[in-house]
Amino acid sequence: MSAEHDLDFETRALAALEMVPGAYGLSHQSAVTWCGGIAPDTPDIHLAVPHRLRCELPGIRVHRYRTAPLLWTRRGVRVTAPAQTFTDLGATTDLVDLVVAGDSLVRRTSVTPSELAAFARQAHSNGVGRARQASEFVRADVDSAQESRSRMLIVLAGLPEPTVNLRFYTAEGALLRRMDMGYKAIKVAVEYDGRQHIERKANWGADIGRREYFEGLGWRFIILIASDIWTIPGRTVRRVHDILGERGAKLGPVHDDWRLHFPDRGGFDVESA
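With the sequence shown counted from 1, adding 93 to any position gets you the working numbering.
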């Protein structure tokens, strides 16, 4: 594994399993990634192993289990099952990143939010408290990590949670339009725009047409970009708060919990705005 930085994830994962033949399978971030989900960055391949097994190979991090973890076989490879993986990550993963991982596992596998929550409730491993907390925020049909983070910024500020993946149908039941998330009763949509390159201009045009359609029906759009989450989250909280208030939403005081997970670089005081 001395040239592991030159190898792709799949190659390194398969090599790690060959080099540690007693391993149960991929675990933690590696299990999420193998299943197509989104996990916190790590330079290592993570493996679940029996408690007595030791491994000091570079590029491989082992997690020892006294009893065998719940396992799946995914694309011919043993991995810890999504609910097991999600709960295990609670020991080392920030709340928001854990929700991102949970949302993506629900999106990419057959596990449901309720199954993640049920497994976390009965587990007794390290970090289970955070897993239980995060499971309350995991939702189905979330398309991207930034949509998860946008939703968590709103929720941790004490604002009403937007419904994800709002869908609108014709009278015949055919899907007409959809939006990332929003508040249907007051016609406010919240969408994350990750568009960065000109080659996506066709999709951009379709998005503009869709938004104009909803605006014609009285909807108000809140469009978020990377800096709204990573640089000026305080301004974003105030912006969402004010628009929801204008639309008649019942709002309580803004909470500070978001500050623990979204450092504000804009020097903006939410309370005094």
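All C-beta atoms in this analysis are idealised placements derived from N, C-alpha and C, irrespective of residue type, glycine included.
Just so we're clear, the structure is a prediction, and the values are computed from it rather than from any experiment.
(message) Let's see if you can read the secondary structure: which residues bound the alpha helix (DSSP H) around residue 206?
(response) 206 to 215
(message) For residue 250, which residues in the same chain have their Cβ closer than 6 Å to its Cβ, ignoring the five residues on either side in sequence?
(response) 330, 347, 348 and 351
(request) Give, in chain order, every unbroken run of the beta strand (DSSP E) that is at least 3 residues long and sits entirely within the segment 293 to 324. (result) Positions of the beta strand (DSSP E) runs, each at least 3 residues long and wholly inside the segment 293 to 324, are given as 313 to 317 in order along the chain.
(request) Please list, in chain order, all residues of the same chain as residue 345 whose beta carbon is under 7 Å from its beta carbon, the five residues on each side excluded. (result) Contacts found: 251.
(message) How far does the alpha helix (DSSP H) with residue 179 in it extend, from its first residue to its last?
(response) Note, residue 179: alpha helix (DSSP H), 175 to 182.
(request) Please check the pair residue 182 and residue 117, which I expect to be a contact at CB under 8 Å, by giving their CB distance rounded to whole angstroms. (result) That pair is no contact at about 16 Å.
(message) Can you list, in chain order, the residues of its chain with a C-beta nearer than 7 Å to that of residue 255? Leave out the 5 residues immediately preceding and following it.
(response) 244, 247, 274, 275, 276 and 283
(request) Put residue 326 into one of helix, strand or coil per three-state DSSP. (result) helix
(message) Could you compute how far the alpha carbon of residue 291 sits from the alpha carbon of residue 214?
(response) Legend: pLDDT at residue 291 = 43, less than 50; position of this residue unreliable, value from coordinates given subsequently. Spanning the two alpha carbons is a distance of roughly 46 Å.
(request) Could you give the DSSP three-state label for residue 281: helix, strand or coil? (result) In this structure, residue 281 counts as strand in the three-state DSSP scheme.
(message) Within a Cβ cutoff of 6 Å, which residues of the same chain sit near residue 237, ignoring the five residues on either side of it in sequence?
(response) none
(request) Might you give, ordered along the chain, the residues of its own chain that have their beta carbon closer than 6 Å to the beta carbon of residue 159, omitting 5 neighbours on each side? (result) 144
(request) Assign residue 406 to buried or exposed, taking buried as 16 or more other Cβ atoms, counted over all protein chains shown, within 10 Å of its Cβ. (result) Since the first and last residues shown for the chain are 94 and 366, residue 406 lies out of range.
(request) Given a cut-off of 8 Å, decide if residue 156 and residue 176 are closer than it, judged by their beta-carbon atoms. (result) no
(request) Measure the Cβ-Cβ separation of residue 128 and residue 223 and say whether it is below 8 Å. (result) no
(message) Please classify residue 353 as buried or exposed, where buried requires at least 16 other C-beta atoms within 10 Å of its C-beta.
(response) Around the beta carbon of residue 353, fewer than 16 other beta carbons sit within 10 angstroms, so the residue counts as exposed.
(message) Just verifying my parser: in three-state terms, what is the DSSP assignment at residue 187?
(response) coil
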